[in-house]
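One structure is given here, and the rest of the page talks about it.
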Amino acid sequence: MIIGSIGVGLFVLILLWILTLIIFVVGVKYQNNIAWIILVVTSLLTITLILIPLENPKTAVEGGDSFEKDYRFVYRVILLSFLIASALLGRCFSSSTKLNRLITIKSNDEFLNKVMNSDNPVIVNFHAEWCEPCHILTPKMKELVEHDANIDLAIVDVEDHAELVHTFEVKAVPAVIAIRNGLVVDKFIGLVDAHMIENLISKLGKKV
Numbered sequence: 040m041i042i043g044s045i046g047v048g049l050f051v052l053i054l055l056w057i058l059t060l061i062i063f064v065v066g067v068k069y070q071n072n073i074a075w076i077i078l079v080v081t082s083l084l085t086i087t088l089i090l091i092p093l094e095n096p097k098t099a100v101e102g103g104d105s106f107e108k109d110y111r112f113v114y115r116v117i118l119l120s121f122l123i124a125s126a127l128l129g130r131c132f133s134s135s136t137k138l139n140r141l142i143t144i145k146s147n148d149e150f151l152n153k154v155m156n157s158d159n160p161v162i163v164n165f166h167a168e169w170c171e172p173c174h175i176l177t178p179k180m181k182e183l184v185e186h187d188a189n190i191d192l193a194i195v196d197v198e199d200h201a202e203l204v205h206t207f208e209v210k211a212v213p214a215v216i217a218i219r220n221g222l223v224v225d226k227f228i229g230l231v232d233a234h235m236i237e238n239l240i241s242k243l244g245k246k247v
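In terms of the working numbering, the sequence shown opens at residue 40 and continues consecutively.
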């Protein structure tokens with residue numbers, strides 16, 4: 040019935056997929072799982088619409104009540120899809136404007152791509168699991184940086200990345216290095232107070 044009415048079915052699917060593409064692009068940009076969630080939801084809704092049985096026009100005219108019920112069902116599907124899309128989009132934008140990226144470095148290539156070549160300034164936190172001060176500093180860094188969406192925080196385990204440790208001459212942990220446009224602009228070593236971290240964040244966030 041509904042897909043038989045090509046205009047309605049096509050219009051609904053186009054709207055659904057336009058919304059999906061917008062949310063997907065935003066979600067991927069901010070590394071948000073919502074991108075994949077909305078893709079799955081839209082795919083399921085598309086399958087639902089396609090599976091709605093075709094209605095013979097004559098039958099639809101003769102059985103007006105059935106025809107109206109089918110249309111009411113599709114309107115509910117449309118409404119549900121818009122509600123889901125709106126909720127996910129709102130959550131996506133909320134999280135993207137509130138939180139920055141937290142990057143756990145797994146390889147030198149990832150460090151190059153996400154830190155040295157990053158459009159955003161990045162604070163690199165060199166730490167080790169056996170380092171007690173690191174377990175105090177790292178949560179403090181996350182707390183102070185998380186509300187600045189223009190600054191990313193990268194975590195580097197010195198045990199796994201000896202080459203990076205050598206490159207940046209890290210002699211002790213915790214060590215924090217501020218990088219902007221591929222250049223080191225500030226750094227400190229050891230467990231410091233919140234004021235020093237805030238100064239580093241402020242310095243890193245200034246336009247050059």
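Just so you know, even glycine gets a beta-carbon here, dropped at the ideal spot from N, CA and C.
Cα-Cα, which of D191, D196 and G229 is closest to D158?
D191
Residue of E168, T177, A201 and L176 minimising C-alpha distance to F150
A201
Where the alpha helix (DSSP H) containing D148 begins and where it ends
N147 to F150
Looking at the structure shown, is N220 part of a helix, part of a strand, or coil, going by DSSP?
coil
Would you kindly check if the distance between the Cβ of V223 and the Cβ of A217 is under 8 Å?
yes
Expressed to the nearest angstrom, what Euclidean distance is found between the alpha-carbon atoms of A233 and E185?
14 Å
Nearest to E171 by CA position, among V65, G229 and L78, is which residue?
G229
Backbone CA spacing between I240 and N152 [nearest angstrom]
21 Å
Indicate the three-state DSSP secondary structure (helix, strand or coil) for L78 in the structure shown.
helix
If you follow the beta strand (DSSP E) that N164 is part of, which residue opens it and which one closes it?
V161 to H166
Leaving aside the five residues before and after K210 along the sequence, list all residues of the same chain whose C-beta is less than 8 Å from its C-beta, in chain order.
I228
Give a yes or no on whether the C-beta atoms belonging to L84 and L58 are separated by under 8 Å.
no
Under 8 Å, do T143 and I194 count as touching if we go by C-beta distance?
yes
Contact criterion: CB-CB distance below 8 Å. Does V64 meet it with respect to chain E?
No chain E appears in this structure, which consists of one protein chain only.
Among residues of its own chain, excluding the 5 on either side of L183, which ones have a beta-carbon nearer than 8 Å to its beta-carbon?
A233, I236, E237 and I240
Check whether L243 and K181 have beta carbons under 8 Å apart
no
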